[in-house]
Amino acid sequence: KKLAVFVSGGGSNFKKIHEGCLGGSVQGDLVLLVTNKKDCGGADYARSNGIPVLLFPKPKRESSDGLSPTELVDVLREYGVDFVLLAGYLKLIPAELVKAFPKRILNIHPALLPAFGGKGLYGMRVHKAVLASGARYSGPTIHFVDEEYDTGRILAQSAVRVVANDTPEELAKRVLDEEHKLYVEVVAAICEERIKWREDGVPLIQSKD
Ligand code: GRF
Numbered sequence: 069k070k071l072a073v074f075v076s077g078g079g080s081n082f083k084k085i086h087e088g089c090l091g092g093s094v095q096g097d098l099v100l101l102v103t104n105k106k107d108c109g110g111a112d113y114a115r116s117n118g119i120p121v122l123l124f125p126k127p128k129r130e131s132s133d134g135l136s137p138t139e140l141v142d143v144l145r146e147y148g149v150d151f152v153l154l155a156g157y158l159k160l161i162p163a164e165l166v167k168a169f170p171k172r173i174l175n176i177h178p179a180l181l182p183a184f185g186g187k188g189l190y191g192m193r194v195h196k197a198v199l200a201s202g203a204r205y206s207g208p209t210i211h212f213v214d215e216e217y218d219t220g221r222i223l224a225q226s227a228v229r230v231v232a233n234d235t236p237e238e239l240a241k242r243v244l245d246e247e248h249k250l251y252v253e254v255v256a257a258i259c260e261e262r263i264k265w266r267e268d269g270v271p272l273i274q275s276k277d
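Each number in full-length UniProt numbering corresponds to the 1-based position in the sequence shown with 68 added.
1. By Cβ distance below 7 Å, which residues in the same chain neighbour Asn117 in space, the five residues on each side in sequence not counted?
2. Mind checking whether the beta-carbon of Ile176 lies closer than 6 Å to any heavy atom of the ligand GRF?
3. With a cut-off of 8 Å on the beta carbons, I'd call Pro271 and Arg221 a contact; round off their distance for me.
4. Are Leu174 and Ile210 closer than 7 Å when you measure CB to CB?
5. Let me confirm a value: Pro208 is counted as buried when at least 16 other C-beta atoms fall within 10 Å, else exposed. Which label applies?
6. Could you tell me how far apart the beta carbons of Lys69 and Asp150 are, in whole angstroms, since I believe they sit closer than 8 Å?
7. If you draw a straight line from the C-alpha of Asn81 to the C-alpha of Val75, how long is it?
8. If you count every other CB in all the chains shown that lies within 10 Å of the CB of Asp107, and 16 or more means buried, which is it?
9. Are Asp186 and Asp218 closer than 7 Å when you measure CB to CB?
10. Helix, strand or coil: which one does DSSP assign to Phe82?
11. On a CA-only basis, which of Glu237, Pro137, Arg242, Ile258 is nearest Val228? Give me that one, please.
12. Does the beta carbon of Glu164 fall short of 6 Å from some heavy atom of the ligand GRF?
13. Straight-line CA distance for Glu132 to Lys83?
14. Within the continuous beta strand (DSSP E) that includes Thr235, where are the two ends?
15. What are the boundary residues of the beta strand (DSSP E) that Lys167 is part of?
16. Classify Leu181 as helix, strand or coil using the three-state DSSP reduction.
17. Please classify Tyr205: does DSSP put it in a helix, a strand, or coil?
18. Whole angstroms are fine: how far does the CA of Ala72 sit from the CA of Leu144?
19. Would you check if the stretch 88–106 and the stretch 195–202 touch, i.e. whether three or more CB-CB distances between them fall below 8 Å?
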């Protein structure tokens, strides 16, 4: 399956997925990186691994660089992208893209949705909110993307303990390590077409036979 990944920062999830593709644990071909920050770590990694980098959305200040939503949809189709993977991408996905790629856009959020999600809750803010709540567990959620932030159908979650006196950074690291494992597993399942949609609309991962 052809994959496009969207990042805004370091791209650690992107790197793990790419390593999975290179190592054969993921039957995927990473054909495109999309970012809103051309100089971010994920973009640097893509350029040094021969993966084309495209800018979306257009920067606010007038500039020739950057794609419009329509151009983004067109280029994803031109590359024959099967699935779009958001990994630390902080901008809202335009409705045109959601409509063009139904059930084919995934996002990873560093908390157990529906708790601790939504606009404004990203990065360290998520982990601070989890710690402030006294929650005993946190962990990554991988979900299909719809027009809102963090509200699509949940596909996979994994719980990690919240440890007494955790700092946000320590919790973030524990969750991020789990994200790396979970996203590679989920993308492998997606590429092997092991996702089945229950009649009530819930997506389920079938284990390898
Ligand atoms: C991660 O916590 C991810 O869950 C969130 O962005 C953070 C950075 O991810 N969406 P990455 O290192 O850029 O993949």
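Think of the CB as a built atom: it goes at the ideal place given N, C-alpha and C, for glycine as much as any other residue. Computed from a predicted model, the values in this text were never measured in an experiment.
In brief:
1. For Asn117, where only same-chain residues beyond five positions count, the Cβ hits under 7 Å are His86.
2. Distances between the C-beta of Ile176 and the heavy atoms of the ligand GRF include at least one below 6 Å.
3. Indeed, because the Cβ distance is near 6 Å, the residues count as touching under 8 Å.
4. Cβ distance < 7 Å, so Leu174 and Ile210 count as in contact.
5. Buried: at least 16 other Cβ atoms inside 10 Å.
6. Here Lys69 really is in contact with Asp150; their C-beta atoms are around 4 Å apart, less than 8 Å.
7. Computed Cα separation, rounded: 9 Å.
8. Exposed.
9. It should be pointed out that residue 186 corresponds to Gly in this sequence rather than to Asp. It is a contact, given that the beta carbons lie within the stated cut-off.
10. Assigned with DSSP and collapsed to three states, Phe82 falls in helix.
11. Nearest C-alpha to Val228: Arg242.
12. Glu164 Cβ: outside cutoff for every heavy atom of the ligand GRF.
13. Looking at the sequence provided, one finds Ser at residue 132 rather than Glu. C-alpha separation (whole angstroms): 29 Å.
14. In the DSSP assignment, Thr235 falls outside any beta strand (DSSP E), carrying neither H nor E.
15. It is not in any beta strand (DSSP E) - Lys167 instead sits in the alpha helix (DSSP H) that spans 163–168.
16. The answer is coil: DSSP assigns Leu181 none of H, G, I, E or B.
17. Of the three classes helix, strand and coil, the one that applies to Tyr205 here is strand, per DSSP.
18. Rounded to the nearest angstrom, the two C-alpha atoms are 8 Å apart.
19. Output reads no: the stretch 88–106 does not touch the stretch 195–202.
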